């Protein structure tokens, strides 16, 4: 806080309710309008603050573990022993997003009904693996021999290939277990475009049945059949 600044704890305005000849409305109506606008600003601020807290909580709930496919659903067991069960018949949309052009590879499930874990309800559940360094410590590369860049790039390519094969194999097994009742959709990156579904600009990617943004949190999934009206704006 600025020690030289002056902070107001309370401010009072007074205005007459008497409407003078020639006036459209009484002066007090201006105060009512100002009061309403202030309340709207406060509401927007509190909503934005709540979204930030929810986003931070979502980021903290990323735990390592194992995802298993069973006959009636999926079970995720964290390294702490926590279990999350997702029934196949509660999955509205299932997505497999490869690591092409991204630093993570993921499976994302948009549910019909929210499930409870971590003392909160969740309609979107995601499982992912990092395929490279999302952040890089530049101090590690001051010397030429600290790291063999060519070998590292080759190792990353091999890792990407192995992860894509493993994730793809898992989705195929799930589709086989459910006898095709659950199918994984893959976003079309080439058809993606930038938009602002929440507060920041992200890459929106269509699938065969949805419009998605699965990398950034909070995620965005909307069923194309639920869209009644679209508008286009030229920049």
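Residue numbers (full-length UniProt numbering): 1 to 235.
Using N, Cα and C, we set each Cβ at its ideal position, and we do this for glycine too.
Please read these numbers as outputs of a predicted model, since none were measured by experiment.
Query - Beta bridge counterpart(s) of residue 263 as assigned by DSSP - result: No answer is possible for residue 263: the residues shown for the chain start at 1 and end at 235.
Requested in this report: For residue 18, name the three-state secondary structure that DSSP assigns.
Outcome: In this structure, residue 18 counts as coil in the three-state DSSP scheme.
Query raised in the report: Counting pairs of beta carbons, one from the region 207-214 and one from the region 183-194, are three or more of them closer than 8 Å?
Result: The region 207-214 vs the region 183-194: in contact.
Query raised in the report: Looking at the unbroken beta strand (DSSP E) that takes in residue 112, where does it start and where does it end?
Result: Counting along the chain, the beta strand (DSSP E) containing residue 112 begins and ends at 104-117.
Query raised in the report: Which residue from 178, 101, 221 puts its Cα closest to that of residue 195?
Result: Of the candidates 178, 101, 221, the one whose C-alpha sits nearest the C-alpha of residue 195 is 221.
Requested in this report: Please determine, among 93, 48, 110, 118, the residue with the shortest C-alpha to C-alpha distance to residue 82.
Outcome: Residue 118 is the option with its Cα nearest to residue 82.
Query - Proximal residues to residue 223 (C-beta, below 8 Å), its chain only, five neighbours per side dropped - result: Closer than 8 Å at the Cβ level, and outside the excluded window around residue 223, lie 92, 93, 209, 210.
Query raised in the report: How long is the line joining the alpha carbons of residue 200 and residue 38, rounded to whole angstroms?
Result: One C-alpha to the other measures close to 24 Å.
Requested in this report: Identify every residue that forms a DSSP beta bridge with residue 67.
Outcome: According to DSSP, which records beta bridges pairwise, residue 67 is partnered with 76.
Report task. Rounded to whole angstroms, what's the CA-CA distance from residue 180 to residue 166? Just pull it up for me. Result -> Spanning the two alpha carbons is a distance of roughly 19 Å.
Requested in this report: Measure from the alpha carbon of residue 33 to the alpha carbon of each residue in 164, 170, 13, then state which is nearest.
Outcome: Sorting 164, 170, 13 by C-alpha distance to the C-alpha of residue 33 places 13 at the top.
Query raised in the report: Cα separation between residue 105 and residue 10?
Result: Computed Cα separation, rounded: 52 Å.
Query raised in the report: Under the DSSP definition of a beta bridge, which residues are partnered with residue 128?
Result: Its beta-bridge partners are 106.
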